[in-house]
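Trainee: If you scroll down you'll find the structure; I have some questions about it.
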Amino acid sequence: QARHEYPAVDSFDLSDYLGFSESQRSACRHTRYNKTVFLRIFPDLFVPAFREAESYWANTFFRAYHNAYPSPTLIAKWNQYARGNLSLVEIDGKRHLVTSEESIACDEWEERLLRAVGPEMRGRLQRAQAVLGQVVAALEDQQVESFLGYHAAENERRVQSVRRDLQVSIEDLFSSFDDCCDPELLSRLSTCPTLTMEAVFEVE
């Protein structure tokens, strides 16, 4: 449970104050505007099934999906903001992502995505959803006040929407939506249960 006697100093180690271990520090975020402090904690990161799904998404699925279905808009933005040299070209009638170091065959990645990576991602996401859903249901059923009072499921879903961390305008995003997004996956993410909690404190 978040403590209400939040310190009035401008700079301190919040993770230490809340008693988080080194491995738990990434689960806490806070911002302060004048006398108002916004605190958000991500207990999902403590759930092994969620960590497994998140790790697979970041290390395997993300690369496979964008290699299989590259978006010209995102490629252009990547080259602009990251100073990359990525290009989408056609070689012998097939799409390739080309850099100065390598040529990536998109069709091969699509086969890998549909045959192995996609089903594995779906399975991990379903397992994480099941565990998180059970925990949320148990906390709500037991009327745990600290959870019910600070639960931030809807806010968390908005923060984790498709617009997050993409260096593209919303117009660019919608114009290339079919290429860079999976509607079924987005539908699943928009309803995924979460243990995220947030609170707002006033300090002196």
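Under this note's numbering, the residues of the sequence shown are numbered 5 to 208, in order. A virtual CB, placed ideally from N, CA and C, is assigned to each residue, including glycine.
#1: Who are the Cβ neighbours of V41 in its own chain at under 8 Å, not counting the five residues just before and after it?
#2: Let me know the secondary structure DSSP gives S30 once reduced to three states.
#3: Give the single residue among R131, V148, A80 whose Cα lies nearest to the Cα of A53.
#4: Can you tell me which of R87, A86, Q84, N71 puts its alpha carbon nearest to the alpha carbon of V93?
#5: Please report how far the alpha carbon of Q171 lies from the alpha carbon of P76, in whole angstroms.
#6: Decide if Q133 is buried, meaning its Cβ has at least 16 other Cβ atoms within 10 Å, or exposed.
#7: Quick one: what does DSSP say F66 is sitting in, helix, strand or coil?
#8: Got a sec, what are the start and stop residues for the alpha helix (DSSP H) E94 sits in?
#9: Does the region 109 to 129 come close enough to the region 57 to 74 to have 3 or more Cβ pairs within less than 8 Å?
#10: Span of the alpha helix (DSSP H) holding A141?
#11: Just to confirm my understanding: we take F65, look at its own chain, exclude 5 residues before and 5 after, and list those with CB closer than 7 Å. What are they?
#12: How would you label T200, buried or exposed, when you count the other beta carbons within 10 angstroms and need 16 or more for buried?
#13: Among C196, G153, L152, whose alpha-carbon lies nearest the alpha-carbon of L129?
#14: Are N89 and S104 touching if we call contact CB-CB under 7 Å?
#15: For the beta strand (DSSP E) containing E105, list its first residue and its last residue.
#16: For R167 and N159, I'd like the C-alpha separation in whole angstroms.
#17: To the nearest angstrom, how far is it from the Cα of V102 to the Cα of G127?
#18: In whole angstroms, what separates the C-alpha of H100 from that of A109?
#19: Alpha carbon to alpha carbon, what distance is there between S25 and V51?
#20: Figure out for me which residue from K81, E56, D96 has the closest Cα to the Cα of L136.
#21: The beta strand (DSSP E) with R44 in it runs from where to where?
Mentor: Answer, in terms of the structure:
#1: Only Y10, H34, T35, V204, F205, E206, V207 meet the Cβ criterion.
#2: helix
#3: R131
#4: Ranking R87, A86, Q84, N71 by Cα distance to V93 puts N71 first.
#5: The predicted model places Q171 with a pLDDT of 42, which falls under 50 and marks its position as unreliable, so this point remains unresolved.
#6: buried
#7: helix
#8: Segment 91 to 95 is the beta strand (DSSP E) holding E94; no alpha helix (DSSP H) there.
#9: yes
#10: 122 to 145
#11: V121, M125
#12: buried
#13: C196
#14: yes
#15: Per DSSP, E105 belongs to no beta strand (DSSP E) and is neither H nor E.
#16: With a pLDDT of only 45 at R167, under the threshold of 50, the placement of this residue in the model should not be trusted; the figure read from the coordinates follows. Going by the C-alpha atoms only, they are around 14 Å apart.
#17: 31 Å
#18: When only Cα atoms are considered, H100 and A109 end up about 5 Å apart.
#19: 15 Å
#20: E56
#21: 40 to 45
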